[in-house]
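**Student:** Sharing a structure, written as structure tokens. Questions coming.
Numbering (this note's numbering), first residue to last: 23 to 561.
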């Protein structure tokens with residue numbers, strides 16, 4: 023698999039998009055159960071709402087989408103769809119569904135379910151963070167504007183056919199139909215759950231939720247009726263929550279846990295790495311990731327661009343990489359280095375305390391100010407937040423650190439005016455799909471600056487939004503280089519407004535048990551997902 027991919031892909035793209043490990047050529051055996059741990063509880067399994075790296079894999083496992091990715095590649099391929107065609111002008115996508123696919127409630131999946139699910143993801147009443155992904159579909163503005171609850175651009179002429187009519191070409195559209203927000207759900211199950219669908223999920227994915235004991239565990243069992251023969255390989259997986267990372271690591275070493283979801287705490291990393299079993303326990307590699315500090319542009323004094331620029335100069339990013347045992351490099355722009363469009367010549371804001379103080383004085387804050395910095399409470403995030411706090415204090419800014427459970431930080435970020443600053447560690451942006459546009463719409467574009475959204479800086483630049491649409495409208499493969507350059511310029515221009523402090527580009531490190539065998543037995547893609555359907559245990 024890896025060799026075939028290498029032959030078809032440029033080296034730069036291969037490095038950027040390779041998973042941390044690739045499935046071995048041997049045929050996996052059916053069977054086995056695994057245990058995964060996380061410190062924080064799971065907030066929701068609703069695909070229209072869930073958007074953190076902890077629940078992302080579980081949501082992906084419960085539901086099906088029209089498209090998916092060929093394992094180990096950035097290539098979208100039909101999944102729930104049997105086939106698709108695209109009109110020459112790039113404005114009409116026609117999908118034919120696999121027949122006989124069933125939801126876990128026993129009903130067959132039909133075209134109207136696809137239409138309903140995407141309209142639900144776009145509907146402002148859902149308060150989901152993924153609406154902006156579907157902005158190219160005709161009728162998007164009418165639905166997001168509250169004029170209707172449907173998308174005129176989606177047609178379902180029969181139970182097996184879904185037609186998307188776009189208002190403009192969209193180079194990312196097949197990728198969009200492969201992300202969790204495009205997951206297909208049954209309307210009757212959503213309505214029966216009466217606002218609690220996230221706890222009572224019904225899908226047609228590789229696994230079915232069999233038990234959820236809030237604050238303790240979630241149990242997922244293999245969907246024996248899954249429409250792809252032989253998948254998934256394992257029989258079940260259990261997610262145990264409320265597990266401190268150090269305790270989870272000790273249990274993993276004893277063989278009680280198979281995947282420590284929160285990773286290896288920095289204080290233990292070198293010890294594990296240098297141990298006799300370290301090479302078998304650690305799965306490590308590059309990812310499309312940027313960790314950042316959001317500066318809420320709607321909260322004083324961060325509505326002042328000079329203040330935001332000054333704080334960009336105040337943070338010692340090298341010290342933060344040392345806290346992470348060197349498992350990261352300093353960042354200077356929103357895009358990670360491995361993403362197409364990354365500008366290698368861009369230097370960003372240098373760490374210059376004196377200049378930061380001078381710029382704060384110029385902005386009207388010669389004595390600094392007081393603010394609040396939110397962070398998750400899982401190590402090492404509070405320690406990184408404290409390092410940021412110390413750097414801010416050096417320029418006169420007194421920041422109170424609020425280290426909370428991940429769900430509480432996400433809620434604060436998605437509530438207008440609530441969180442002045444957020445250190446994104448533990449929730450930092452990892453690409454939903456391998457395209458630079460994904461680092462804009464949800465987290466820096468106007469569509470993400472909404473209640474429940476992930477644009478926690480609440481930054482909205484209408485001119486950049488227009489340029490983003492123009493870039494994504496370059497769907498002709500012959501314009502790929504032009505499109506990539508356009509996106510790169512958007513991200514460096516954003517830094518003039520400084521709604522973020524880009525801090526680090528972190529590597530992905532997962533700890534796994536020895537009983538799972540070699541690293542070839544676990545597939546982790548570069549976009550935050552542990553694909554449970556392709557994990558298998560040595561028999």
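Beta carbons are placed, not taken as given, at the ideal position from N, Cα and C, and that holds for glycine.
With H, G and I counted as helix, E and B as strand and the rest as coil, what does DSSP make of residue 186?
**Tutor:** Looking at residue 186 - three-state DSSP - the assignment turns out to be strand.
**Student:** Could you tell me which whole alpha helix (DSSP H) segments of length 4 or greater appear in the stretch 401 to 489?
**Tutor:** Under the rule that a run must span 4 or more residues, the alpha helix (DSSP H) segments found entirely inside the stretch 401 to 489 read 403 to 415, 428 to 435.
**Student:** By how many angstroms is the C-alpha of residue 276 removed from the C-alpha of residue 148?
**Tutor:** 43 Å
**Student:** Could you compute how far the alpha carbon of residue 339 sits from the alpha carbon of residue 165?
**Tutor:** 42 Å
**Student:** Check the DSSP bridge columns for residue 305 and list the partner residues they point to.
**Tutor:** Bridge partners of residue 305: 532.
**Student:** With a threshold of 16 other CB atoms inside 10 Å of the CB of residue 316, please say whether the residue is buried or exposed.
**Tutor:** buried
**Student:** Measuring CA to CA, which of 456, 64, 530, 90 is closest to residue 291?
**Tutor:** 530
**Student:** Give the DSSP bridge partners of residue 234, in chain order.
**Tutor:** 240
**Student:** Just reading off the alpha helix (DSSP H) that residue 292 is part of, what are its end residues?
**Tutor:** 288 to 295
**Student:** Please list, in chain order, all residues of the same chain as residue 559 whose beta carbon is under 6 Å from its beta carbon, the five residues on each side excluded.
**Tutor:** 54, 538
**Student:** With DSSP collapsed to three states, give me the class of residue 89.
**Tutor:** strand
**Student:** Output the distance between the C-alpha atoms of residue 133 and residue 187, rounded to the nearest integer angstrom.
**Tutor:** Approximately 15 Å between the Cα atoms of the pair.
**Student:** Have a look at 425, 145, 442, 328 and flag the residue whose alpha-carbon is nearest the alpha-carbon of residue 386.
**Tutor:** 328
**Student:** Would you tell me roughly how many angstroms separate the C-alpha atoms of residue 556 and residue 252, rounded to the nearest one?
**Tutor:** CA-CA distance, residue 556 to residue 252, rounds to 10 Å.
**Student:** Using the Cα positions of residue 581 and residue 122, report the straight-line distance between them to the nearest angstrom.
**Tutor:** Nothing can be reported for residue 581, as the shown portion of the chain is limited to 23 through 561.
**Student:** When the Cβ atoms of the stretch 418 to 425 are set against those of the stretch 457 to 469, are three or more pairs found closer than 8 Å?
**Tutor:** no
**Student:** In this structure, how does DSSP classify residue 556 when only helix, strand and coil are distinguished?
**Tutor:** Three-state DSSP puts residue 556 in a helix.
**Student:** Following the continuous alpha helix (DSSP H) through residue 155, name the residue where it begins and the one where it ends.
**Tutor:** It is not in any alpha helix (DSSP H) - residue 155 carries neither H nor E in the DSSP assignment.
**Student:** Nearest to residue 509 by CA position, among 491, 526, 524, is which residue?
**Tutor:** Considering only 491, 526, 524, the residue with the shortest C-alpha distance to residue 509 is 491.
**Student:** For the beta strand (DSSP E) containing residue 313, list its first residue and its last residue.
**Tutor:** Its beta strand (DSSP E) spans residues 311 to 317.
**Student:** Use the C-beta contact count for residue 473: other C-beta atoms within 10 angstroms, 16 or more gives buried, fewer gives exposed.
**Tutor:** exposed
**Student:** Within its chain, find whatever has a CB closer than 6 Å to the CB of residue 413; leave out the 5 residues flanking it on each side and keep chain order.
**Tutor:** 336, 337, 338
**Student:** Check whether the Cβ atoms of residue 82 and residue 266 sit closer than 9 Å, and answer yes or no.
**Tutor:** no
**Student:** Let me know if residue 105 comes out buried or exposed under the rule of 16 or more other beta-carbons within 10 Å of its beta-carbon.
**Tutor:** Exposed: under 16 other Cβ atoms inside 10 Å.
**Student:** Buried or exposed: residue 25, going by 16 or more other Cβ atoms within 10 Å of its Cβ?
**Tutor:** Summary for residue 25: the model assigns pLDDT 24, below 50, so the residue's position carries little reliability; its value from the coordinates is reported in the next sentence. Under a 10 Å Cβ-count criterion, residue 25 is classified as exposed, with fewer than 16 other Cβ atoms of the shown protein chains found around its own Cβ.
**Student:** Is the distance from the Cβ of residue 207 to the Cβ of residue 219 below 9 Å?
**Tutor:** yes
**Student:** Starting from residue 368, trace the beta strand (DSSP E) both ways and give me its first and last residue.
**Tutor:** No beta strand (DSSP E) contains residue 368, which DSSP labels as neither H nor E.
**Student:** Got a sec, what are the start and stop residues for the beta strand (DSSP E) residue 118 sits in?
**Tutor:** 114 to 119
**Student:** Should the stretch 91 to 103 be regarded as contacting the stretch 169 to 183, the criterion being three or more beta carbon pairs within less than 8 Å?
**Tutor:** The stretch 91 to 103, when compared against the stretch 169 to 183, does not touch it at the 8 Å Cβ threshold.
**Student:** Assuming residue 520 and residue 296 make a contact with CB atoms under 8 Å, what is their CB distance in whole Å?
**Tutor:** Actually they do not touch by this definition, with Cβ atoms about 40 Å apart.
**Student:** Closest by CA to residue 505, which one among 515, 217, 483, 458?
**Tutor:** 458
**Student:** Of the choices 304, 404, 476, 258, whose alpha-carbon is the least far from that of residue 241?
**Tutor:** 258
**Student:** Ignore the nearest five residues each way along the sequence and tell me which others in residue 146's own chain have a CB closer than 7 Å to its CB.
**Tutor:** 166, 168
**Student:** Excluding the five sequence neighbours on either side, which residues of its own chain have a C-beta within less than 8 Å of the C-beta of residue 238, listed in chain order?
**Tutor:** Beyond the five residues adjoining it in sequence on each side, residue 238 comes within less than 8 Å, by CB distance, of 262, 263, 264 in the same chain, given in chain order.
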